[in-house]
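Below: one structure, written as structure tokens.
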Amino acid sequence: MLKTTKKMREDLKKLREDDLVVCNMCGSEEIEEPIFAKSNSCIIIDGEPYYKWANEVDDTQYWCDSCNDMARPVHISEWEEIKREKKDE
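Quick note on our numbering: the sequence shown kicks off at 1 and runs consecutively.
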């Protein structure tokens, strides 16, 4: 199993924050999408499994666990703008 360092964990957290996508309806981070992953490429860092991505499924559909419905993921910065626009209405 891969040993992790504090720096690796900090970098991974920063990467998650910079690339965060959320549901366009509710802002939840609980977005899912189907992918193909290499079965033997899993590493676990801080209890989270990470797989080497192999390929995406054609006609990818996204699911929001919070809305319990199909979703369109947006970058967190776009979600913040959507919230500001709704607030101004």
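Positions of the beta carbon are idealized from the N, C-alpha and C atoms, including for glycine.
Remember, predicted model here, so these are calculated numbers, not experimental data.
- In the DSSP annotation of this structure, the continuous segment of the alpha helix (DSSP H) that includes E81 starts and ends at I76 to D88.
- Linking R84 to V74 through their CA atoms gives a straight-line distance of about 15 Å.
- Under the DSSP assignment, M70 falls in the beta strand (DSSP E) whose first and last residues are D69 to A71.
- Per DSSP, C26 lies in no beta strand (DSSP E) and is assigned neither H nor E.
- Taking 8 Å as the upper bound for CB-CB distance, C42 and Y51 are in contact here, some 5 Å apart.
- Secondary structure note for P49: its beta strand (DSSP E) is the uninterrupted segment E48 to Y50.
- In the three-state scheme derived from DSSP, where H, G and I count as helix and E and B as strand, E10 is classed as helix.
- When DSSP reads this structure, E32 sits in a beta bridge with W63.
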